[in-house]
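Peer 1:
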Amino acid sequence: MVKIEPVRFLLSVSRSLDFTHSGLLDHHLRVAYLSLVLGQAAGLSEAELFQLFKTAIIHDAGAVTWAEKGILRKFEIEGDARWEHCRRGFEFANTVQALAPSAESILVHHDRWAGGNPSGFEKSSIPLNGRIIHLVDRIDILIQPHAPILQQSQHVLNQVQAKAGQEFDPDLVDLFSELQSESLWLDLGAPWLKERLLAILPSVSQPSIVGLVDIAQLFARVVDAKSRFTYRHSRGVASCARILGRELGCSRSECKFLEAAGLLHDLGKVTVPETILEKKGKLTSTEYSLIKQHAYYTYWLLQPATGDSPLVEWAAYHHERLDGNGYPFQKRAVDLSLGARIVAAADVFTALREDRPYRSGMPWHKIERILRHQVSVHALDATVVETLLSNRQELDTVWEQLEEKN
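So the sequence shown is numbered by numbering that gives the first Met the number 0: it starts at 0 and just counts up by one.
This is how it looks when you write it as structure tokens:
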């Protein structure tokens with residue numbers, strides 16, 4: 000199997016965190032870059048800088064709805080809105096082994112230097128990475144995307160300097176004031192910002208494919224949290240796909256990629272408003288068209304980092320059909336590999352098994368009838384479906400385990 004570079008993978012999928020009513024904002028990329036610049040100036044070691052990057056690139060993972068993201072675009076945030084996404088992001092990161100070291104800094108990345116924080120931390124007791132991310136996060140929020148950045152930079156600097164010692168670590172504000180330059184400000188709006196970040200990111204030991212699955216677990220939780228009806232959907236698809244892959248003779252590494260594909264198959268749903276995902280009645284044609292676009296965005300969020308790996312097609316082709324009448328790519332049987340067919344069947348099964356806004360989860364006899372019908376109309380693969388139906392007991396056990404974890 001083709002290896003995927005974890006850093007580029009994390010950079011690529013983290014863009015999913017930046018979809019809002021205003022489009023794609025690249026906020027996490029800019030915060031990660033500025034955090035590294037400030038961390039270097041503060042004398043962090045290479046290992047510490049790499050940990051800072053991993054935290055900054057997912058710092059707002061707990062902001063799962065468009066409404067929450069809109070609130071965070073304000074410079075000053077009061078009340079529970081300031082902390083809720085921090086707590087949720089902490090919970091998400093803390094359940095993922097590769098990202099658990101980031102959890103505490105995510106929890107405190109809006110903590111005020113002067114104290115009065117739910118964490119109980121104040122001043123230098125606030126973890127340094129949290130202090131750095133807090134400062135650069137608010138710097139980025141102050142920047143107006145449609146105005147020349149050099150006409151704004153002094154105003155932005157004045158704003159954060161005015162909050163030094165109360166909102167922000169005064170030493171970090173002083174340090175940023177010293178290192179800021181016209182070229183640094185221009186970097187933030189440059190189309191090659193990712194390359195600038197990669198140029199200063201230390202080369203440290205990278206996680207294996209197991210690490211990729213860990214990363215995928217985090218983003219699955221972000222996507223599934225957008226609706227109370229899908230809180231375990233991606234993990235259910237991933238578990239089913241892994242079981243089917245094993246039963247159909249896939250190698251161990253292929254099964255890991257199937258698990259990652261299942262976790263990430265709905266990544267593109269970050270582009271869909273929660274009001275549509277939660278709607279109880281029939282979708283309008285406009286709403287349905289917005290739902291259909293999610294697999295397209297899954298493809299293009301994953302593709303830059305996956306190269307020749309089958310992961311992107313296995314994840315993004317889950318609404319394609321063998322007869323070519325699926326969406327959004329209209330692929331036919333000849334284009335759909337075993338992995339893509341497995342994830343497609345796992346997705347249909349999991350959707351039928353779980354509650355939805357318009358119906359309750361279905362029992363096995365109804366699931367079987369629908370799956371066999373999908374085979375008869377050349378939507379799903381017959382061998383994959385028969386394998387799924389032959390492993391009911393294990394699938395039931397996995398489903399119960401997912402329920403217990405919530």
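C-beta atoms are modelled at their ideal positions from N, C-alpha and C, and glycine is treated no differently.
Every value quoted in this text rests on a predicted model; they were computed, and no experiment measured them.
1) Taking buried to mean at least 16 other C-beta atoms within 10 Å of its own C-beta, is arginine 251 buried or exposed?
2) Could I get the ranges of all uninterrupted beta strand (DSSP E) runs contained in the stretch 256-292, with 3 residues as the minimum, in chain order?
3) Would you mind giving the Cβ-Cβ distance between alanine 294 and tyrosine 326, rounded to the nearest angstrom? I have them listed as a contact below 8 angstroms.
4) Rank Arg355, Asp322, Thr396 by C-alpha distance to the C-alpha of arginine 340 and give the top, closest one.
5) I need the boundaries of the alpha helix (DSSP H) containing serine 13, first residue and last residue.
6) Would you call glutamate 319 buried or exposed, if buried means 16 or more other Cβ atoms sit within 10 Å of its Cβ?
7) Just verifying my parser: in three-state terms, what is the DSSP assignment at arginine 231?
8) Under the rule that 16 or more other beta-carbon atoms within 10 Å means buried, what is leucine 300, buried or exposed?
9) Return the CA-CA distance between aspartate 170 and isoleucine 132, expressed in angstroms with no decimal places.
10) Since histidine 154 and aspartate 136 are thought to touch, with beta carbons under 8 angstroms apart, how far apart are those beta carbons, to the nearest angstrom?
11) Taking C-alpha atoms, which residue in Leu134, Leu196, Thr305, Ser182 lies nearest to phenylalanine 49?
12) According to DSSP, what are the bridge partners of alanine 163?
13) Would you identify the three-state DSSP class for arginine 320, choosing helix, strand or coil?
14) Nearest to phenylalanine 256 by CA position, among Asp213, Trp65, Thr386, is which residue?
15) Short check: CB of leucine 183 to CB of valine 159, under 8 angstroms?
16) Just confirm the distance between the C-beta atoms of alanine 46 and glycine 210, as a whole number of angstroms; I'd bet it's less than 8 angstroms.
17) If we call anything under 8 angstroms between Cβ atoms a contact, is isoleucine 56 one with serine 13?
18) Tell me, which residues are paired with arginine 355 by DSSP?
19) Just verifying my parser: in three-state terms, what is the DSSP assignment at histidine 145?
20) Can you list, in chain order, the residues of its chain with a C-beta nearer than 8 angstroms to that of lysine 193? Leave out the 5 residues immediately preceding and following it.
21) Measure the CB-CB distance between arginine 72 and isoleucine 148 and report whether it falls below 8 angstroms.
Peer 2: Taking the coordinates as given:
1) Sequence index remark: in the sequence shown, residue 251 carries index 252 (1-based). Around the C-beta of arginine 251, fewer than 16 other C-beta atoms lie within 10 Å, and the residue is accordingly described as exposed.
2) Complete beta strand (DSSP E) runs here, min 3: none at all.
3) Indexing the sequence shown from 1 puts residue 294 at position 295. Indexing the sequence shown from 1 puts residue 326 at position 327. Going by Cβ atoms, the distance from alanine 294 to tyrosine 326 rounds to 7 angstroms, so yes, they are a contact pair.
4) Position 341 of the sequence shown, counting from 1, holds the residue named residue 340. Of the candidates Arg355, Asp322, Thr396, the residue whose Cα lies closest to the Cα of arginine 340 is Asp322.
5) Here residue 13 corresponds to residue number 14 of the sequence shown, with the count starting at 1. Start and end: 5-13.
6) For the purposes of this step, residue 319 is taken as residue 320 along the sequence shown, with counting starting at 1. Counting Cβ neighbours within 10 Å, glutamate 319 comes out buried, since at least 16 surround it.
7) The residue given as residue 231 occupies position 232 in the sequence shown. Three-state result, arginine 231: coil.
8) For the purposes of this step, residue 300 is identified with residue 301 of the sequence shown, where counting begins at 1. Burial call: buried.
9) As a position in the sequence shown, residue 170 is number 171, starting the count at 1. As a position in the sequence shown, residue 132 is number 133, starting the count at 1. The alpha-carbon atoms of aspartate 170 and isoleucine 132 are separated by roughly 14 angstroms.
10) Numbered from its first residue, the sequence shown carries residue 154 at position 155. Numbered from its first residue, the sequence shown carries residue 136 at position 137. Between aspartate 136 and histidine 154 the Cβ distance is about 17 angstroms, and since that is not below 8 angstroms, they are no contact.
11) Along the sequence shown, one-based indexing puts residue 49 at 50. Among Leu134, Leu196, Thr305, Ser182, the Cα nearest to that of phenylalanine 49 belongs to Leu196.
12) Here residue 163 refers to the residue found at position 164 when the sequence shown is read from its first residue. In the DSSP assignment, alanine 163 forms a beta bridge with Phe167.
13) Translated into positions along the sequence shown, residue 320 becomes position 321. The answer is coil: DSSP assigns arginine 320 none of H, G, I, E or B.
14) Here residue 256 refers to the residue found at position 257 when the sequence shown is read from its first residue. Cα-wise, what sits closest to phenylalanine 256 is Asp213.
15) Sequence index remark: in the sequence shown, residue 183 carries index 184 (1-based). Sequence index remark: in the sequence shown, residue 159 carries index 160 (1-based). It is not a contact, given that the beta carbons lie outside the stated cut-off.
16) Within the sequence shown, residue 46 is the residue found at index 47, counting from 1. Within the sequence shown, residue 210 is the residue found at index 211, counting from 1. Actually they do not touch by this definition, with Cβ atoms about 16 angstroms apart.
17) Walking along the sequence shown from the start, residue 56 turns up at place 57. Walking along the sequence shown from the start, residue 13 turns up at place 14. With respect to the 8 angstroms criterion, isoleucine 56 and serine 13 are classified as neighbours on the basis of their beta carbons.
18) On the sequence shown, residue 355 is found 356 positions in, with the first residue counted as 1. Per DSSP, the beta bridge partners of arginine 355 are Arg358.
19) For the purposes of this step, residue 145 is taken as residue 146 along the sequence shown, with counting starting at 1. Coil.
20) Within the sequence shown, the letter at position 194 stands for residue 193. Once the five neighbours on either side are set aside, the close Cβ partners of lysine 193 are Leu10, Leu28.
21) Taking the sequence shown and counting its residues from 1, one reaches residue 72 at position 73. Taking the sequence shown and counting its residues from 1, one reaches residue 148 at position 149. Between arginine 72 and isoleucine 148, the CB-CB gap reaches or exceeds 8 angstroms.
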